[in-house]
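The listed protein sequences correspond, in order, to chains A and B. If you read the first sequence in our numbering, its first letter stands for residue 2, the second for the next number, and so on. If you read the second sequence in our numbering, its first letter stands for residue 3, the second for the next number, and so on. Using N, Cα and C, we set each Cβ at its ideal position, and we do this for glycine too. As the structure is a prediction and not an experimental result, all values here were calculated from the model. Here's the structure we're looking at; comments come further down.
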Amino acid sequence: MIKITNLKKVYQGRTVLDIGRLTVENGETVILLGHNGSGKSTLLKILADIIEATWGNIIKDENVLYLPQQSLPFNKTVKKNILYSLSGTKKEKEEAYEKVCALLKLKELENKNARTLSGGECQRLAIARLLCKKCDLLLLDEPTSAADTESRRLIVEAVKAYQKETGCILIVTTHIKEDAELFGGRKIVLTNGKLPLLREEEENNA
Amino acid sequence: MEKINEAFELLLKTDRELFQIIFVTLRMSFFSTLISCLLGMPLGILLAGWKFKGKRMLKKIIHTLMGLPPVVAGLIVYMLFTKYGVFGSLNLLFTVEIMIIAQVILITPIVAGQTLSVSSVGAKNLLETAKGMRLSNFKIAKLFIIQNKASLFSVVLTAFGRSIAEVGAVSLVGGNIQWKTRVMTTAIMLETNKGNFSFALALGIILLLISLVVNIIASAIIKQEEEE
Numbered sequence: 002m003i004k005i006t007n008l009k010k011v012y013q014g015r016t017v018l019d020i021g022r023l024t025v026e027n028g029e030t031v032i033l034l035g036h037n038g039s040g041k042s043t044l045l046k047i048l049a050d051i052i053e054a055t056w057g058n059i060i061k062d063e064n065v066l067y068l069p070q071q072s073l074p075f076n077k078t079v080k081k082n083i084l085y086s087l088s089g090t091k092k093e094k095e096e097a098y099e100k101v102c103a104l105l106k107l108k109e110l111e112n113k114n115a116r117t118l119s120g121g122e123c124q125r126l127a128i129a130r131l132l133c134k135k136c137d138l139l140l141l142d143e144p145t146s147a148a149d150t151e152s153r154r155l156i157v158e159a160v161k162a163y164q165k166e167t168g169c170i171l172i173v174t175t176h177i178k179e180d181a182e183l184f185g186g187r188k189i190v191l192t193n194g195k196l197p198l199l200r201e202e203e204e205n206n207a
Numbered sequence: 003m004e005k006i007n008e009a010f011e012l013l014l015k016t017d018r019e020l021f022q023i024i025f026v027t028l029r030m031s032f033f034s035t036l037i038s039c040l041l042g043m044p045l046g047i048l049l050a051g052w053k054f055k056g057k058r059m060l061k062k063i064i065h066t067l068m069g070l071p072p073v074v075a076g077l078i079v080y081m082l083f084t085k086y087g088v089f090g091s092l093n094l095l096f097t098v099e100i101m102i103i104a105q106v107i108l109i110t111p112i113v114a115g116q117t118l119s120v121s122s123v124g125a126k127n128l129l130e131t132a133k134g135m136r137l138s139n140f141k142i143a144k145l146f147i148i149q150n151k152a153s154l155f156s157v158v159l160t161a162f163g164r165s166i167a168e169v170g171a172v173s174l175v176g177g178n179i180q181w182k183t184r185v186m187t188t189a190i191m192l193e194t195n196k197g198n199f200s201f202a203l204a205l206g207i208i209l210l211l212i213s214l215v216v217n218i219i220a221s222a223i224i225k226q227e228e229e230e
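What follows is the structure in structure tokens.
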């Protein structure tokens, strides 16, 4: 469960995020919608402990996985990229690798250097590097922005299957309405770093 | 022209002293490059990827030391290791080991500074990606090397180039002793002062050839890395 209270992020004198109250239940899917600069990525980065909030209180699980908007492919083969994120015995790693490879159809790319992949393939790989691990909170920042229709479908299906299996909270940012529909769940529109008043009042009354 | 011919004749002859000078030079350059890289690269990566107290000050110190004059480095090491110095009891003055120490002091800041520049490019993305995957600090540091392999190889080359061409510090602490601490650069200086231009020229040609061979091998490795 995530409980956010009076969260603010001020950057160079400008308030880029200002959330009075927001609660996300275990296993819930939340889609953050909004224009560029609306604070979606900032909220995700704070939840992922990449940046610190200026003030406010967050109660959340520590076991978080986060996909940044520009996830970097490592200078290794696709297979080594995925294995690098794993720990455990060789057998455990191989099992996790095979499973995620099948989910995201990466097997035929396994010996290619990740730097030579197309945008969509890169996003599938970035998702695979996360989904091969377990977590309680999965944060995806624009996970399908560079993907074609087929890759988008694969990514959404893989993420949903992962969430079903692990029961994690899923928070996705996107500005593509079709993707928001595909992921399903509760939709929250951020405007200039703020939640809509109505939504916030509902949260306060909850 | 006559001197150049003599230099080539000298090169073709098996001159024992010449081989000894080459051996000492390579030994000194190899170890000073190795130690400088082992110290400077992690320091550069640490500065590029992690926040800690005193980071800004450390960066300033490194950037200042990058311009440290070799003779000043040599003088400091000399004073520390002279008979009445702090480390005088180690009896290292006028040995190849002290020449390596002096060079490490000179080259480590250069390696650290260049590693910092190389690793800073795309560091934010790399850190966000790696932290998002919950990778350990050790794995993140390794990633900095993996992502910048070719550029870091150039840093190693720069360190080697600086080491093999250095004369001020090594002549001060090494003493340019025949059959012991004489390296190519100090030998070239000595032979030139003596008017023995053929020998100095022969050494100069070898110095250039070594640099050329090292650069050809390095370029091949970098090209292979980039193609992969």
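Query, Result
"Residue of A:S119, A:S86, A:E96 and A:L191 minimising C-alpha distance to T131 of chain B", "A:S86"
"Residue interval of the alpha helix (DSSP H) (run including G134 of chain B)", "A125 to G134"
"Chain-ordered chain A contacts of I47 of chain B [CB-CB under 8 Å]", "Result: empty, since nearest Cβ-Cβ is about 15 Å, beyond 8 Å."
"Contact set for A207 of chain A: own chain, Cβ-Cβ below 6 Å, skip 5 residues either direction", "Reliability of the predicted coordinates at A207 of chain A is poor, the pLDDT of 47 falling under 50, and the value obtained from them is presented with this limitation in mind. Nothing listed; no residue qualifies."
"Check whether Q124 of chain A and T145 of chain A have beta carbons under 9 Å apart", "yes"
"Simplified DSSP state of E201 of chain A, which is helix, strand or coil", "Interpretation of E201 of chain A is limited by its pLDDT of 47, a score under 50 that renders its predicted location unreliable; the figure taken from the coordinates is listed afterwards. In the structure shown, E201 of chain A sits in a helix (DSSP, three-state: H, G or I)."
"The segment 121–140 of chain A in contact with the segment 73–92 of chain A per 3-pair CB rule at 8 Å", "yes"
"T167 of chain A beta carbon less than 9 Å from that of D137 of chain A", "yes"
"Rounded separation between F184 of chain A and V31 of chain A - CA only", "9 Å"
"Contact with chain B by Y85 of chain A, beta-carbon distance below 9 Å", "yes"
"Below-9 Å beta-carbon distance, E168 of chain B vs any chain A residue", "no"
"A207 of chain A at chain B interface by Cβ criterion, 9 Å", "With a pLDDT of only 47 at A207 of chain A, under 50, the local geometry of the prediction cannot be trusted, and no value is derived from it."
"Span of the beta strand (DSSP E), counted from its first residue to its last, around K9 of chain A", "I3 to Y12"
"Buried or exposed by the 16-neighbour rule on C-beta atoms within 10 Å, applied to G150 of chain B", "Looking at the sequence itself, residue 150 of chain B is Asn, so the reference to Gly does not match. The residue is buried, with at least 16 neighbouring Cβ atoms inside 10 Å."
"I166 of chain B, buried or exposed, once every other Cβ within 10 Å from all chains shown has been counted against 16", "buried"
"Coil, strand or helix - L107 of chain A by DSSP", "coil"
"Buried versus exposed call for E202 of chain A [16 or more other C-beta atoms within 10 Å across all chains shown]", "Note on E202 of chain A: pLDDT 47, under 50, position unreliable in the model; no value is reported."
"Neighbourhood of Q70 of chain A by C-beta, 7 Å cutoff - its chain only, sequence neighbours within 5 removed", "S42, D142 and E143"
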